[in-house]
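Student: Read in this note's numbering, the sequence shown has 78 at position 76, and its numbers run on one by one without any break.
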Amino acid sequence: MDLEEQDTLLSEVQDAPAESAPDDAAAQEETARLEPYLELLREVPDLQKNPTLPEEVMRRIAGGQSPLNAYRAYENGRLKAELEAMRYRSAAPGSVRSTAYAEKTDSFSAGFDEGFLY
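1. Quick test of the definition: if touching needs 3 or more C-beta pairs under 8 Å, does the region 106-118 touch the region 83-91?
2. How would you call ALA28, buried or exposed, if buried means at least 16 neighbouring beta carbons within 10 angstroms?
3. If you count every other CB in all the chains shown that lies within 10 Å of the CB of TYR90, and 16 or more means buried, which is it?
4. Look at the Cβ atom of LEU70, then the Cβ atom of GLU45, and state whether they are nearer than 8 Å.
5. So what does DSSP say about SER92, is it helix, strand or coil?
6. Please report the straight-line C-alpha distance between GLU14 and PRO53, rounded to a whole angstrom.
7. Is the CB-CB distance between TYR73 and VAL59 below 8 Å?
8. Roughly how many angstroms separate the alpha carbons of ASN78 and ASP26, rounded to a whole number?
9. Taking the straight line between their C-alpha atoms, what separation do you get for GLU41 and PRO47?
What follows is the structure in structure tokens.
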């Protein structure tokens, strides 16, 4: 299943009614095919606002993972990367400029100092 098919399938899942009573084998098969995607939408309601899955999630689904597990693995990796970036930012040295002495100039001091420059 390629990425475009998965996008189409996700949009079909969103358009499908929440509770339907399958009457024949084809309807049951369709329900079984869409159930993993319905489970993903129930667990991650934010996907209804933005129905496009990240490519990494689609690759994992194409590789055989369930949609929910694939999305959780993607989200877990994204959050770990954010946490690592925050750790690096907090450990990074601050500004080289000292905050102990802030140069304050008023018009008198600026004019007085300018007299010594020439």
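All C-beta atoms, glycine included, are put in the ideal place defined by N, C-alpha and C.
Tutor: Per the coordinate set shown:
1. no
2. In the sequence shown, counting from the first residue as 1, residue 28 sits at position 26. When all chains shown are included, ALA28 counts as exposed.
3. Start at 1 with the first residue of the sequence shown, and residue 90 comes out as number 88. Classification for TYR90: exposed.
4. Position 68 of the sequence shown holds residue 70. Position 43 of the sequence shown holds residue 45. Closer than 8 Å, so yes.
5. Here residue 92 refers to the residue found at position 90 when the sequence shown is read from its first residue. Three-state DSSP puts SER92 in a helix.
6. Looking up residue 14 in the sequence shown gives position 12. Looking up residue 53 in the sequence shown gives position 51. About 11 Å.
7. Taking the first residue of the sequence shown as position 1, residue 73 is located at position 71. Taking the first residue of the sequence shown as position 1, residue 59 is located at position 57. Yes, the Cβ-Cβ distance between TYR73 and VAL59 is below 8 Å.
8. The residue given as residue 78 occupies position 76 in the sequence shown. The residue given as residue 26 occupies position 24 in the sequence shown. Roughly 39 Å between the two C-alpha positions.
9. What you label residue 41 is simply residue 39 of the sequence shown in a count that begins at 1. What you label residue 47 is simply residue 45 of the sequence shown in a count that begins at 1. C-alpha separation (whole angstroms): 10 Å.
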